[in-house]
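If you read the protein sequences in the order shown, they are chains E, Z, S and D.
Start counting at 1 in the first sequence, then tack on 224, and there's your number in the working numbering.
Start counting at 1 in the second sequence, then tack on 7, and there's your number in the working numbering.
Start counting at 1 in the third sequence, then tack on 101, and there's your number in the working numbering.
Start counting at 1 in the fourth sequence, then tack on 150, and there's your number in the working numbering.
Presented below is the structure to which this report refers.
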Amino acid sequence: MENLFRNYEEAVALILFSIGFMTLLFHKNLLRKLIGMNIMDSGVYLFLASMGYIYGRRAPIVENGDLSAERYINPVPASLVLTGIVVSVSVTAVMLSLSIRLYERYHTLDLDVIYAAARSRREHR
Amino acid sequence: MADFTEAIKAALLVLLIISATAAATAKKTLPAIIIFSSFSLIMAVVWALLESPDLAITEAAVGAGVSGVLFFMAYRRMGMMSGGKGDDENGKEDDDEHKG
Amino acid sequence: MEFIRNFPFFSVAVFLFSAVICSVLKPRAARIWTTAAEAVVLAFSLSVLIYTTSGDTFFRYNMGHFDAPWSNQLRAGPVEALAATSFSYVLLMSHIGGIRYAKADIEPKKQSAYCTLLNLVGAALMALSYTNDLFTGYVFLEILTLSSCGVLVIRRAGRTALAATRYMVINLLGSGLFLLGTCLFYGITGHLLMEYIRDGVATLEVTGDYAVPLTVTIGLVCAGLAIKSGLFPFHTWMPDTYGTATPTSSAVLSGIVSKGYIFLLIKIIYRVVGVDSAAMTSARHILYVFGIAGIIMGSIWAMQSAHLNRMIAYSSAAQIGYVFVGIGLGGQAGFTAALFQIIAHGLCKPLLFLSGARLSEASGDSTEFADLQGAAHRNKPAGLAFAVGALSMVGIPTLAGFAVKLFFAAAAVEHGLLVDIATLTALALSTLLNALYFVRTVIRIYTPSGNAPTNGAFAPTDGESARTRDPGLIAAAVGLTAGILLLGLMPGVVSGIISRGLALFA
Amino acid sequence: MSIRDKLSALLGFDIDFDAPVPPRKTETAAEQTPDEWRFSRRIMRAGGRRLGAIYKILGVICSVVLMSTLLLTVAGMPRYGVDQEYMDTVTYEYISHGMEYTGAVNIVSGIILEYRAFDTLGESFVLFCAVSCVLALLRADGADSEPERVEYRDISCDPILRRTMRAVVPIVLLYGAYVLLFGHLSPGGGFSGGAVIGAALIMIASAYGEDVSGRILTERVFKTVTTCALSFYCLGKSYTFYTGANGLHSVIGNGTPGNILSAGLIMPLNVAVGMVVACTIYGMYRMIGQRRF
Numbered sequence: 225m226e227n228l229f230r231n232y233e234e235a236v237a238l239i240l241f242s243i244g245f246m247t248l249l250f251h252k253n254l255l256r257k258l259i260g261m262n263i264m265d266s267g268v269y270l271f272l273a274s275m276g277y278i279y280g281r282r283a284p285i286v287e288n289g290d291l292s293a294e295r296y297i298n299p300v301p302a303s304l305v306l307t308g309i310v311v312s313v314s315v316t317a318v319m320l321s322l323s324i325r326l327y328e329r330y331h332t333l334d335l336d337v338i339y340a341a342a343r344s345r346r347e348h349r
Numbered sequence: 008m009a010d011f012t013e014a015i016k017a018a019l020l021v022l023l024i025i026s027a028t029a030a031a032t033a034k035k036t037l038p039a040i041i042i043f044s045s046f047s048l049i050m051a052v053v054w055a056l057l058e059s060p061d062l063a064i065t066e067a068a069v070g071a072g073v074s075g076v077l078f079f080m081a082y083r084r085m086g087m088m089s090g091g092k093g094d095d096e097n098g099k100e101d102d103d104e105h106k107g
Numbered sequence: 102m103e104f105i106r107n108f109p110f111f112s113v114a115v116f117l118f119s120a121v122i123c124s125v126l127k128p129r130a131a132r133i134w135t136t137a138a139e140a141v142v143l144a145f146s147l148s149v150l151i152y153t154t155s156g157d158t159f160f161r162y163n164m165g166h167f168d169a170p171w172s173n174q175l176r177a178g179p180v181e182a183l184a185a186t187s188f189s190y191v192l193l194m195s196h197i198g199g200i201r202y203a204k205a206d207i208e209p210k211k212q213s214a215y216c217t218l219l220n221l222v223g224a225a226l227m228a229l230s231y232t233n234d235l236f237t238g239y240v241f242l243e244i245l246t247l248s249s250c251g252v253l254v255i256r257r258a259g260r261t262a263l264a265a266t267r268y269m270v271i272n273l274l275g276s277g278l279f280l281l282g283t284c285l286f287y288g289i290t291g292h293l294l295m296e297y298i299r300d301g302v303a304t305l306e307v308t309g310d311y312a313v314p315l316t317v318t319i320g321l322v323c324a325g326l327a328i329k330s331g332l333f334p335f336h337t338w339m340p341d342t343y344g345t346a347t348p349t350s351s352a353v354l355s356g357i358v359s360k361g362y363i364f365l366l367i368k369i370i371y372r373v374v375g376v377d378s379a380a381m382t383s384a385r386h387i388l389y390v391f392g393i394a395g396i397i398m399g400s401i402w403a404m405q406s407a408h409l410n411r412m413i414a415y416s417s418a419a420q421i422g423y424v425f426v427g428i429g430l431g432g433q434a435g436f437t438a439a440l441f442q443i444i445a446h447g448l449c450k451p452l453l454f455l456s457g458a459r460l461s462e463a464s465g466d467s468t469e470f471a472d473l474q475g476a477a478h479r480n481k482p483a484g485l486a487f488a489v490g491a492l493s494m495v496g497i498p499t500l501a502g503f504a505v506k507l508f509f510a511a512a513a514v515e516h517g518l519l520v521d522i523a524t525l526t527a528l529a530l531s532t533l534l535n536a537l538y539f540v541r542t543v544i545r546i547y548t549p550s551g552n553a554p555t556n557g558a559f560a561p562t563d564g565e566s567a568r569t570r571d572p573g574l575i576a577a578a579v580g581l582t583a584g585i586l587l588l589g590l591m592p593g594v595v596s597g598i599i600s601r602g603l604a605l606f607a
Numbered sequence: 151m152s153i154r155d156k157l158s159a160l161l162g163f164d165i166d167f168d169a170p171v172p173p174r175k176t177e178t179a180a181e182q183t184p185d186e187w188r189f190s191r192r193i194m195r196a197g198g199r200r201l202g203a204i205y206k207i208l209g210v211i212c213s214v215v216l217m218s219t220l221l222l223t224v225a226g227m228p229r230y231g232v233d234q235e236y237m238d239t240v241t242y243e244y245i246s247h248g249m250e251y252t253g254a255v256n257i258v259s260g261i262i263l264e265y266r267a268f269d270t271l272g273e274s275f276v277l278f279c280a281v282s283c284v285l286a287l288l289r290a291d292g293a294d295s296e297p298e299r300v301e302y303r304d305i306s307c308d309p310i311l312r313r314t315m316r317a318v319v320p321i322v323l324l325y326g327a328y329v330l331l332f333g334h335l336s337p338g339g340g341f342s343g344g345a346v347i348g349a350a351l352i353m354i355a356s357a358y359g360e361d362v363s364g365r366i367l368t369e370r371v372f373k374t375v376t377t378c379a380l381s382f383y384c385l386g387k388s389y390t391f392y393t394g395a396n397g398l399h400s401v402i403g404n405g406t407p408g409n410i411l412s413a414g415l416i417m418p419l420n421v422a423v424g425m426v427v428a429c430t431i432y433g434m435y436r437m438i439g440q441r442r443f
């Protein structure tokens, strides 16, 4: 368990992942589920980036020609997370437009009420 | 000097968890969106402390900036559509009252 | 290096470039450009298939000037080329078959956007079948998720927004778990290319350290991809999604999109973790149990459903269960059966959706079984196509379904008594249930209905026969039936390619 | 006799992909009846709070199990920064030869646009796919989409907002351009620079309202910029992939690291990605905000 305190960044990251997961499960409003999804993604990216961080080393930008690997942190997770952040923005934008389309039609964002509405609308007809 | 930044990083990580739970457990949607914007701002500072400046700039511009604005625009549109009552009560509308 | 080795990269680049071009073309030009792009990529995949099977080799393709562990890499062997060929073939056939409905269901201004999204689905599927890098797999997995949501939601009907929301929430949960699995793999082994991860995993299994993270990683990756492909407990979005989309979208979504995720899972089982690793075997057994449950429950729900589209959607939930049973059985025979089912189901399901749309259109735009009576007489080619697809799903000899069940029985026999009995009973039960609801439908559409044909929006007036009004369906029906007959009559050809390819697949 | 008529005569039926097709009824009543809801409707009526309760308990159990397994994995993970030797094989190559091969001082930009360029190509197409989905979903100026029912006060005529924007926007645009152009020398690059410029465009649109944004960034400008940037990106990277894979010499030299025009294709690619990101973000803002350009 002492390892948990040494890798505390990863522990925090996965706690964020679980908080996002719980928000996704327990909130009915679609916007809140989206916030939960974003927190989940941020948690995974924090987990990945903190894997690359090495204490006492500097950002991976070459300074005055010093190419020794001991000076810089691991650049690979940083490049992966840069790709990931843009993925989560585009997914958020698509889900927001979906929820707007839903809201225009059913005037609520609570998926259970929407199902009831979809069925009740059919009974009216 | 070095362990000072470590201490700040630890404090910010704790602040991250607090803001995440606050965004999760906020009663209304508007405060949740605002707290979420602050969450991604803190995340941008944490990226800077984790020695990856590219991520800090991207997260600040994209997380707090664009996602926050998009969430707020979507929230405002729904507020407009339901006649100014764009808050959480929408979710609790019962079946017959809502304008199907 | 022969020019043919560039073809895997060319097929992804052709789809990406034509996606950009189609967004600015006029709808008609965009349709022609997309069909041309799909045909070109089909030619690329076929030539790669012939090149790899004749020489019985596989080749790696380093993207850019840097070699293996540092840059992205594509890898093409017989199995990948076969998967790419069947994906592009089904995409071409579904697009041609459903052009008529794409024009009717989608607003004129958004039809070129529909072609863009179809191109992006094609690009993602080609990349998923050829990639040799786990993070590239994640990025193109996201493109596949977003473009399949776009393809689903572009229809005017409001119901698609509700179906798409449900589809996206479950799918994004799946890709979140897959991303976490990819990060854990990188964390344990320090690599992202599949072979290098397998060497790391092999050393880890020998030394035995990081055992807990390894098992959790394999569990996360398998759970994420199973959720995305619609395995039994996570298939609830299927009836809504396939029921409300335009026929081309539901054909593409059910035929090849869920198969793309499963193909990535099989590649991870073979190349990232190794087939015989202990943790993966237990994960495969869990998938096996869910597969069996999926076969039975999917067939039962398909029988209960009162609408043609929903019945076909539930039967595709059952067929996805078949694939996971094949993965669970494991071994050369199990994976051959699973890959064969991927190709066979990819041909049958689009045929059912396309002809089902014509049948419901010929009976007053309603998918109720009562109205479908005698629809085959009103639209003969659609009736015949539906009959071929349905009988192949049931497993009539000389059609692809029969060969699928044959391979599964052969794979099941190799295992111990319990697994053998469980699989064979599930096979028998699902064949019986399939026969019940599919043959019943075929009989219904062929019994001549007394009342006059109630025409849908543009059902064929009595003057012209259906043939002249609908070249798209005839081309697609002939193409898909030819594929089904090829798999049915000469299963040895395809299963030979698969079994020889699996030896090179690791 | 056009080719099509010859072909139709040959095949015996007329190839007529463009017959005008009247729109199909959007939503047949039958498609509305999801039957497996039947029993869930009974449960919904009978269950009501009970289903809610079962769902909550299952949810709590599921998330507690997930959290404990994840924390167990972290406890089992290697200690980063300490026992890190297996990571070094790959990172050593990136750091020591990164600048030499790609010419980029910022190693992360080198990785993104040279070593692992296929991911970033896929990445820009994720953005392009998202923006086409948003356009497909929300575009309201279609011929027969629902009329725009929402009228709301246009906040852009607020003098305070305009004056602050006039002061702030040039600085933000300058900063975005700097981050974009110096992506290979200092931290930043295509995505960050593009996001900053996109945020600046949003500020302009929200401050100066319809008249300015309608003229500057119309839909034609949006489409041409996105298409040109993405086609340049696709063709440029295909050239490098093709030359690299086949071992041909690529005409793009790396230049001397440090000055602005160095690092081969990275700087122009950064500009292209920045344009795509900025237009995408602006397009999403307009669609979610006003549903038209």
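Yeah, the Cβ is synthetic: ideal placement off N, Cα and C, and Gly gets one too.
Since the model is a prediction, treat every value here as computed from it, not as a measurement.
Asked: C-alpha gap between D/TYR251 and D/GLY260, whole angstroms; Found: 9 Å
Asked: Interface flag, D/GLY339 vs chain Z, CB-CB below 8 Å; Found: yes
Asked: Neighbour-count burial assignment, S/ASP300, 16 or more Cβ in a 10 Å radius; Found: exposed
Asked: CA-to-CA distance, D/PRO228 to S/LEU294, given in whole angstroms; Found: 20 Å
Asked: Runs of alpha helix (DSSP H) lying entirely within the region 246 to 301 of chain S, each at least 4 residues, in chain order; Found: 260 to 290
Asked: Below-8 Å beta-carbon distance, E/HIS348 vs any chain D residue; Found: Residue placement at E/HIS348 is flagged as unreliable, the pLDDT there being 32, under the threshold of 50; a coordinate-derived value is accordingly withheld.
Asked: Exposure of D/ALA391, with buried meaning 16 or more beta-carbon neighbours within 10 Å; Found: Before going on, a small fix: residue 391 of chain D reads as Phe here, not Ala. Buried, since its Cβ has 16 or more Cβ neighbours within 10 Å.
Asked: Cβ pair Z/ALA68, D/ALA422 closer than 8 Å; Found: no
Asked: The region 78 to 89 of chain Z / the region 46 to 59 of chain Z touching (three or more Cβ pairs under 8 Å); Found: no
Asked: contact_flag[the region 244 to 256 of chain S, the region 273 to 290 of chain D] where n(CB pairs < 8 Å) is 3 or more; Found: yes
Asked: Check whether D/SER356 and D/GLY253 have beta carbons under 8 Å apart; Found: no
Asked: Cβ neighbour criterion (16 or more within 10 Å) applied to D/GLN440; Found: buried
Asked: Residues from the region 316 to 333 of chain E in contact with chain D, defined by Cβ distance under 8 Å; Found: ALA317, VAL318, LEU320, SER321, LEU322, ILE324, ARG325, GLU328
Asked: Three CB pairs or more closer than 8 Å across the region 295 to 310 of chain E and the region 321 to 331 of chain E; Found: no
Asked: Residue closest to S/GLN433, alpha-carbon to alpha-carbon, out of S/HIS336, S/ASN220, S/ALA607; Found: S/ALA607
Asked: Z/LEU19 versus Z/ILE49: straight-line alpha-carbon distance, rounded; Found: 7 Å
Asked: Minimum Cβ-Cβ distance from S/LEU537 to chain D less than 8 Å; Found: no
Asked: Coarse secondary structure for S/THR349, derived from DSSP in three states; Found: helix
Asked: Against chain E: residues of the region 225 to 255 of chain S by CB proximity under 9 Å; Found: PHE236, TYR239, VAL240, GLU243, THR246, LEU247, CYS250, GLY251, VAL254
Asked: Contact set between E/VAL313 and chain Z, taken where Cβ atoms lie within less than 7 Å; Found: VAL69, VAL73, SER74
Asked: Closer than 8 Å to chain D by CB, Z/ALA31; Found: no
Asked: S/TYR202: first and last residue of the uninterrupted alpha helix (DSSP H) it sits in; Found: 179 to 206
Asked: Straight-line gap, D/ILE366 to D/PHE443 (C-alpha atoms, nearest Å); Found: 11 Å
Asked: Residues bridged to S/GLU469 [DSSP beta-bridge criterion]; Found: S/HIS408
Asked: Assigned exposure category for S/ILE544 - 16 Cβ within 10 Å defines buried; Found: exposed
Asked: Helix, strand or coil at S/THR337 according to DSSP, with G and I counted as helix; Found: coil
Asked: S/LEU229 CB to nearest heavy atom of the ligand GDP below 7 Å; Found: In the structure on display, the ligand GDP does not appear, and there are no ligands present to speak of.
Asked: For S/ARG474, three-class secondary structure by DSSP; Found: It should be pointed out that residue 474 of chain S corresponds to Gln in this sequence rather than to Arg. Here S/GLN474 sits in coil by DSSP.
Asked: Per-residue DSSP class, three states only, for D/ILE416; Found: helix
Asked: Span of the alpha helix (DSSP H) around D/ARG312; Found: 309 to 331
Asked: Residue-level contact to chain E via CB, Z/PHE79, 8 Å cutoff; Found: no
Asked: Neighbour list for E/MET275 in chain D, Cβ cutoff strictly below 7 Å; Found: TYR230
Asked: Closest Cα partner of S/MET404 within the set S/HIS446, S/HIS336, S/ARG541, S/ALA380; Found: S/ARG541
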